[in-house]
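K.L.:
Take this structure, written in structure tokens, and hold onto it; I'll ask about it next.
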Amino acid sequence: MSFINKTLNSIRTNLITQGDPFNCDGKDVIICITGNPGFIEFYTEFSEELYRSTDLPVCIIGHAGHELLPNEQSKLEGREDIFNLNGQLKHKLDLIKNHIDKNSRLHFIGHSIGSWFLIELLDNNDDLYKRTASVNLLFPTIQKMAQSEKGKFLNGFVRKIHSFLFLFSFLLYLPQLFLSFIVNMYLKINGLSPINKNRILNILNPKILEKVLFLAYDEMDTVTELNKKGFEKIKHLTNIIYTKSDGWAPYEYMKDLMVYQPDLQMKEVNADHSFVLKSSESIASLAADFINTKVEYGYKDMEMQAACAASRHNHRSLQIKYYIVQYNNITCTSICNQFINNR
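Numbering of the sequence shown is given in our numbering, commencing with residue -11 and proceeding in unit increments.
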């Protein structure tokens, strides 16, 4: 595993990589867009399990401005267009178009608001869509966010006292020992691993929190109706992992998506929306299972194309419906049948 630093849409950005997603000779690549806050270290175990289960290069990207980097000037004021949803879309697009191996098929994973980013990116960029092999949406927040239980609290309470909250930001500058004690208590009460302590401490910074909340408020205002056109476009490539008890993506929202089955795959799990705190490995394993089916399908697709191309080259005057053409002990018709059965 490596932490790589790249400048994306003018903002220095940390990435988690497993293998080399930037130069991998056209091997399939997994790209994961995090939820909000987009602090990538929470996804360390998740990325490790993905890599272990698929043997594919992995790249985890968070959100611009959600990490403090040395000498990085990422003030929110005057640069709102970089840190809002639209700016974050450009941030992800810069990574995928300009840095990921251009010959690779892409397996996308979006967590929470990361799912919304993926639908928008694939809806508006046909070149990316044509390279897409699979899409995993984990606890997706892709519609009516402000009407969800957590959305009502954020919009109806936190947002209204936003300025008042930041009057108390001085508390975040208390001695590290005191903050560590508070975080340790939180972890213990919620049964979370101590490995999360430093990760939580790293985001307890007013400069980060203001961007986290700024993005969250934009989500409340922007993520309203489901992008049906975009979702229809990717449904046959998509697997949704959800839980019935999700304050951000309630079960009733998931029922809205069930009309897209059986093209759409859906899996109900017993895990929290913030799965990276407790269930990284199990959720990564489920996502990897779906990815592996699409990798296998991709190989069969290539075999079919190669065999059928060879049969056309050697028997141009023959019609497939009357003849079975042998090529390397594989019949073109049998491969075509495999192709159809695995769609």
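C-beta: ideal position from N, C-alpha, C; glycine also.
1. Sort out for me which residues DSSP pairs LYS255 with in a bridge.
2. Helix, strand or coil, according to DSSP, for ARG0 in the structure here?
3. Excluding five sequence neighbours on each side, which residues of the same chain lie with their C-beta closer than 7 Å to the C-beta of HIS87?
4. Comparing alpha-carbon positions, which option in LEU252, ASN112, LEU197, ARG40 lies nearest LEU56?
5. Thinking just about the alpha-carbon of each residue, which of ALA276, LYS199, TYR230, HIS95 is nearest to the one in LYS15?
6. For the segment 22 to 33 and the segment 107 to 125, state whether three or more C-beta atom pairs, one from each stretch, are separated by less than 8 Å.
7. VAL17 and LEU38 - do their beta-carbons sit closer together than 8 Å?
8. What are the boundary residues of the alpha helix (DSSP H) that includes ASN190?
9. In whole angstroms, what is the alpha-carbon distance linking CYS296 and ARG119?
10. List the DSSP bridge partners of LEU94.
11. Could you check whether the segment 228 to 240 touches the segment 250 to 257, counting it as contact only if at least three pairs of C-beta atoms, one from each stretch, sit closer than 8 Å?
12. Roughly how many angstroms lie between the CA atoms of SER168 and ASN184, to the nearest whole one?
13. For the beta strand (DSSP E) containing ILE49, name the first residue and the last one.
14. Within a Cβ cutoff of 6 Å, which residues of the same chain sit near ILE191, ignoring the five residues on either side of it in sequence?
15. By the 10 Å Cβ neighbour count, where 16 or more other Cβ atoms means buried, how is ASP115 classified, buried or exposed?
16. Looking at the structure shown, is HIS150 part of a helix, part of a strand, or coil, going by DSSP?
17. Just how far apart, CA to CA, sit ASN91 and LYS78?
18. Check LEU64 in the structure and name its three-state DSSP category.
19. Could you compute how far the alpha carbon of PHE71 sits from the alpha carbon of THR129?
20. Restricting to Cα atoms, I'd like to know which of PHE127, TYR239, MET246, ALA276 is closest to HIS261.
21. What residue does the alpha helix (DSSP H) around GLU33 start on, and which one ends it?
22. Does the beta-carbon of GLN307 have 16 or more other beta-carbons within 10 angstroms, so that it is buried, or is it exposed?
23. Using a 10 Å radius around the Cβ and a threshold of 16 neighbouring Cβ atoms, would you call VAL264 buried or exposed?
24. Buried or exposed, going by whether 16 or more other CB atoms sit within 10 Å of the CB of ASN124?
25. Hey, could you find the ends of the alpha helix (DSSP H) ASP102 is sitting in?
26. So for THR22, helix, strand or coil by DSSP?
27. In chain order, what residues of the same chain lie with their CB nearer than 7 Å to the CB of GLU269, ignoring the 5 residues before and after it?
P.N.:
According to the structure shown:
1. For LYS255, DSSP records a beta bridge to ILE229.
2. Note: ARG0 maps to strand in three-state DSSP.
3. Result list for HIS87: LYS(-6), PHE10, in chain order.
4. Closest option to LEU56, Cα to Cα, is LEU197.
5. For the options ALA276, LYS199, TYR230, HIS95, the alpha carbon positioned closest to that of LYS15 is the one of HIS95.
6. Cβ pair count under 8 Å is below three, so no.
7. Contact flag unset, no.
8. From DSSP, the alpha helix (DSSP H) with ASN190 extends over 185 to 191.
9. Residue placement at CYS296 cannot be trusted, given a pLDDT of 48 that sits under 50; what the coordinates show is reported in the next sentence. Between CYS296 and ARG119, the C-alpha separation is close to 22 Å.
10. Residue pairing by DSSP puts LEU94 in a beta bridge opposite VAL17, THR120.
11. Yes, they touch.
12. Each residue's Cα considered, the two are about 11 Å apart.
13. Unbroken beta strand (DSSP E) run through ILE49: 46 to 49.
14. So the list reads PRO25, PHE27, once near-sequence residues are dropped.
15. Its Cβ having fewer than 16 others within 10 Å, ASP115 is exposed.
16. Residue state, collapsed to three classes: helix.
17. Taking the straight line from one Cα to the other gives about 21 Å.
18. Annotated three-state conformation of LEU64 is coil, per DSSP.
19. When rounded, the distance between both Cα atoms is 18 Å.
20. Out of PHE127, TYR239, MET246, ALA276, PHE127 has the C-alpha closest to the C-alpha of HIS261.
21. Segment 32 to 42, the alpha helix (DSSP H) holding GLU33.
22. Caution is warranted here: a pLDDT of 44 is assigned to GLN307, below 50, making its placement in the model unreliable, and the coordinate value is therefore given only provisionally. It is exposed - the Cβ of GLN307 has fewer than 16 other Cβ atoms within 10 Å.
23. Classification of VAL264: buried, given that the 10 Å Cβ count is 16 or more.
24. Buried is the call here.
25. The identity of residue 102 in the sequence shown is Gly, whereas the question assumes Asp. 101 to 112 is the extent of the alpha helix (DSSP H) around GLY102.
26. Three-state result, THR22: coil.
27. Around GLU269: GLU33, GLU37.
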